[in-house]
Amino acid sequence: SKQLRQLRVSNNGIGGMTVGANALLLDCHSISNTGAGITTGTGGTITNCTVVSNTTLGITTNFANTLNNCTVMFNTTDGITVNQGSTVTACTSRGNSGHGIVGQPGCTIQNNTSSGNVGDGIRVSTDCRVVNNNCDGNGSGAGDAAGIHATSDDNRIDSNNVTDNDRGI
Numbered sequence: 141s142k143q144l145r146q147l148r149v150s151n152n153g154i155g156g157m158t159v160g161a162n163a164l165l166l167d168c169h170s171i172s173n174t175g176a177g178i179t180t181g182t183g184g185t186i187t188n189c190t191v192v193s194n195t196t197l198g199i200t201t202n203f204a205n206t207l208n209n210c211t212v213m214f215n216t217t218d219g220i221t222v223n224q225g226s227t228v229t230a231c232t233s234r235g236n237s238g239h240g241i242v243g244q245p246g247c248t249i250q251n252n253t254s255s256g257n258v259g260d261g262i263r264v265s266t267d268c269r270v271v272n273n274n275c276d277g278n279g280s281g282a283g284d285a286a287g288i289h290a291t292s293d294d295n296r297i298d299s300n301n302v303t304d305n306d307r308g309i
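Here the sequence shown stands for residues 141 to 309, numbered as in this note's numbering.
The structure is reproduced here in structure tokens:
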């Protein structure tokens with residue numbers, strides 16, 4: 141597995157960082173890249189990373205990734221998109237032109253702040269757990285976004301603070 145620590149990548153033409161399976165990214169910064177800020181393979185861990193102003197996604201992962209304490213802002217599509225079985229905890233997603241945090245089936249999205257995104261604050265598909273998040277002011281400019289949006293069934297949505305969005309949940 142690869143370990144990337146305390147890297148700063150900026151102004152690259154094909155995305156910031158792309159890593160394979162089981163990678164660890166710790167204290168990294170991906171800023172103003174053309175393409176996604178961080179892209180990971182299966183089973184990675186992304187901790188204490190800052191991803192700002194990339195021209196597509198901020199962070200996008202494959203299956204079973206863990207994101208902790210990341211700040212993702214002002215990317216031109218979604219802030220954070222995680223694939224099946226991933227966990228996003230204690231992250232801040234702010235001011236992205238798409239959705240703040242997107243979780244595919246079986247994800248856990250907990251203790252995050254998602255605010256001021258043009259799309260939904262948090263969007264999940266099915267079999268997800270969305271607990272103790274703060275979603276404020278999402279839908280800025282889009283006119284029809286939710287603080288939390290479940291697009292399918294079998295989700296648990298509990299103990300969230302959802303305020304000043306176009307729609308709540």
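Glycine residues also receive a C-beta, built at the ideal position from the N, C-alpha and C atoms.
Just tell me which of the options has its CA closest to the CA of residue i.
i       : options                               : result
Gly-183 : Met-157, Gly-225 and Asn-257          : Gly-225
Arg-148 : Ala-161, Lys-142, Gly-160 and Leu-165 : Leu-165
Gln-250 : Val-159, Ile-241 and Thr-303          : Ile-241
Arg-234 : Thr-211, Gly-246 and Gly-243          : Thr-211
Asn-162 : Cys-189, Thr-195 and Gly-181          : Gly-181
Val-159 : Gly-153, Lys-142 and Ile-171          : Lys-142
What would DSSP say about residue i, mapped onto helix, strand or coil?
i       : result
Ala-161 : coil
His-239 : coil
Cys-189 : coil
Ala-290 : strand
Leu-207 : strand
Taking DSSP's pairing of strands, which residues face residue i in a bridge?
i       : result
Gly-281 : Gly-281 is not bridged to any residue.
Ser-172 : DSSP lists no partner for Ser-172.
Asp-167 : Its beta-bridge partners do not exist; DSSP assigns none.
Thr-253 : Thr-232 and Asn-274
Please state if the CB of residue j and the CB of residue i are separated by a distance shorter than 7 angstroms.
i       : j       : result
Asn-248 : Arg-269 : According to the sequence provided, residue 248 is Thr. The question's Asn does not apply to it. Yes, these two residues count as a Cβ contact at 7 angstroms.
Asn-208 : Ala-230 : yes
Gly-287 : Val-271 : no
Gly-198 : Asn-215 : yes
Gly-238 : Gly-259 : yes
Thr-179 : Thr-206 : no
Asp-276 : Asp-304 : yes
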